[in-house]
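Line order of the protein sequences matches chains A and B.
The opening residue of the first sequence carries number 73 in our numbering; numbering runs sequentially from there.
The opening residue of the second sequence carries number 583 in our numbering; numbering runs sequentially from there.
Here a beta-carbon is modelled for each residue, glycine too, at the ideal position from N, C-alpha and C.
Computed from a predicted model, the values in this text were never measured in an experiment.
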Amino acid sequence: MHGGHEGEMDCTRFEALLSEALDGTLSGRTLAGFQAHAAACPDCGPMLVAVRAGMSWLKALPEAEPPRNLVRNILIATSGAEVARPATSASPWRDRLREWTQPLAPVFSAISHPRFALSLGMAFFSVTVLLNAAGLHLTSLRTADLRPSAIQENLARTYNETTARAVKYYENIRLVYEIESRVQEIRNATREEDRQEQRKKEPEKPRDRKYRDDNTSGRPDQKQERYSRRDEPVVLAGSSLDSAANPMCNRRDA
Amino acid sequence: MEDTQAVAALVERCLGGDAAAWEEIVRQYHRRIYSVSYRFAGSAEDAEDLTQEVFIKMYRTLKSYDVSKGAFITWVTTIARNLLVDHFRRSKHDRMTDSLESAPSGDQDALTLGEQLPDLGPSPDAGVQTQETQRAVHHALQRLSPELREAVILRDLQDMEYREIAQVLRVPEGTVKSRINRGRAELARHLSRTYKQVS
């Protein structure tokens, strides 16, 4: 440790004054003693350099930019209120409504959570389906409909109507299938009779002959055969049937 | 510096159920709380969550704020600091941090601090301009122990007085100054190592 001489600064004192020195609040003899110690001490001099460098790095760091919706999220999470807008704050009835709902803000804050909102939506959907099944329509709901006897009656009626509809549908389908099957039977019977009558009229040809007639692969094409025939008289294009008017025809005939 | 009377009136209005007053408080302090949280926790997501936690706690305990006991910002920063320490303990990010007192290992034994520091790389004034350098400083800050980190954040990033920091951290002013200086020096040492590795 340096600074053992009288009037000189020691390392402990130097370290204690380090912050003030960097803040620029030292002056006079204290500042001179501080600077002299920094120049002479092999530990405190580099320490001063390091601390000053670290401070410069930190001071140059910019302030972190918060997310854009942070204020809104904080307000929703705390007071449950949306960010106030000038247009809305001008209307007194909305202010009054906000005052009334202020105590319920934490409840609304919890409800506004997406997961809770989804569960609530599903529950509402289920209730609506049940009410429809029970024959209760919210638009035409009366106090009398909420009596247990009325609910029971509605349920029974809905059940009976649904059952009747299902039975009717089943019966209709059954009738159609029956008619179709009858028609099919009649058609089959008619075809069978026709076939029998046809067999009686035409005796059955031998199978090998029929095959021979059907098989034309080994024979020349009839069209080509017809083109090569010479026993028919040649008819020239553009010639008239009147042989007197055509000398070429006359010569051949002669 | 905050206007003590204006803030006291704002708090009073807020306690009376004035939603606009609370919104004003949130708008006035959210940036500062977020910045402290981001520099301490290291990630933007954690900082956002922590900032919300701070304001939720503020909202619930606003009645306990006593104007005569200190500035509102000190009270807010104390809440933030306590939550940050809790978060640090929860997240178990307790990393090995070497301080000035701990003996450097290996070849660094032969080097004094003075010999290491001239190789700091880019000068602080010029270098922090770039985003890469800012990121390096931010990462170096995360490598400090929580005690040193919170001290330098409050002093060098939030410009708080030693007395206020001592009040927030509940330690004597001398300890605050010592932690700040050690934190600064350690940060410079981490950065000098980083730039040595790069070059």
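Asked                                                                                                                                                                    : Found
Going by alpha carbons, who is nearest to Val719 (chain B) out of B:Ile607, B:Met640, B:Ala591 and B:Gly624?                                                             : B:Gly624
Could you confirm whether any beta carbon from chain B is found closer than 8 Å to the beta carbon of Leu90 (chain A)?                                                   : yes
Report the three-state DSSP secondary structure of Asp95 (chain A) (helix, strand or coil).                                                                              : helix
Taking the beta carbon of Thr643 (chain B) as the centre, do at least 16 other beta carbons fall within 10 Å, making it buried, or is it exposed?                        : exposed
CB-CB under 8 Å to Ser198 (chain A), same chain, minus the five flanking residues each way: which ones, in chain order?                                                  : none
Taking Cβ positions only, does Ser151 (chain A) come closer than 8 Å to chain B?                                                                                         : yes
Work out the CA separation of Glu755 (chain B) and Tyr744 (chain B) for me, nearest whole Å.                                                                             : 6 Å
Residues of the region 649-672 of chain B in Cβ contact with chain A at a cutoff of 7 Å, in chain order, please.                                                         : none
Assuming Leu758 (chain B) and Ala748 (chain B) are in contact, meaning their beta carbons sit under 8 Å apart, how far apart are those beta carbons, in whole angstroms? : Looking at the sequence shown, residue 758 (chain B) is not Leu but Val. The Cβ separation is near 5 Å, so the contact holds.
Does the Cβ-Cβ distance between Asp738 (chain B) and Met127 (chain A) come in under 8 Å?                                                                                 : yes
Measure the alpha-carbon distance for Phe106 (chain A) versus Arg775 (chain B) and round it to whole angstroms.                                                          : 28 Å
Kindly indicate if chain B contains any beta-carbon less than 8 Å away from that of Asn145 (chain A).                                                                    : yes
Name the two residues that bound the continuous alpha helix (DSSP H) containing Ala662 (chain B).                                                                        : Phe654 to Ser673
Between Arg259 (chain A) and the rest of its own chain, which residues show a CB-CB distance below 6 Å, the 5 nearest in sequence each way excluded?                     : none
Output the boundary residues of the alpha helix (DSSP H) element that contains Thr712 (chain B).                                                                         : That residue, Thr712 (chain B), is in no alpha helix (DSSP H); it is neither H nor E in DSSP.
Compare the C-beta of Arg766 (chain B) against all C-beta atoms of chain A and say whether one is closer than 8 Å.                                                       : yes
In its own chain, which residues sit with a C-beta less than 6 Å from the C-beta of Glu635 (chain B), not counting the 5 before and 5 after it?                          : Leu665
If you measure from the beta carbon of Met81 (chain A) to each beta carbon in chain B, is any gap under 8 Å?                                                             : no
Please report whether the beta-carbon of Leu103 (chain A) lies at a distance below 8 Å from any beta-carbon of chain B.                                                  : no
Alpha carbons only, please: which of B:Tyr777, B:Leu726 and B:Val589 is nearest the one belonging to Glu606 (chain B)?                                                   : B:Val589
Tell me whether Cys113 (chain A) sits in a helix, a strand or coil according to DSSP, three-state version.                                                               : coil
How long is the line joining the alpha carbons of Pro220 (chain A) and Arg246 (chain A), rounded to whole angstroms?                                                     : 39 Å
The alpha helix (DSSP H) with Asp648 (chain B) in it runs from where to where?                                                                                           : Premise fails: Asp648 (chain B) is in no alpha helix (DSSP H) and is neither H nor E.
Helix, strand or coil: how does DSSP classify Asn204 (chain A) here?                                                                                                     : helix
I'd like to know whether the C-beta of Ile747 (chain B) is nearer than 8 Å to at least one C-beta of chain A.                                                            : no
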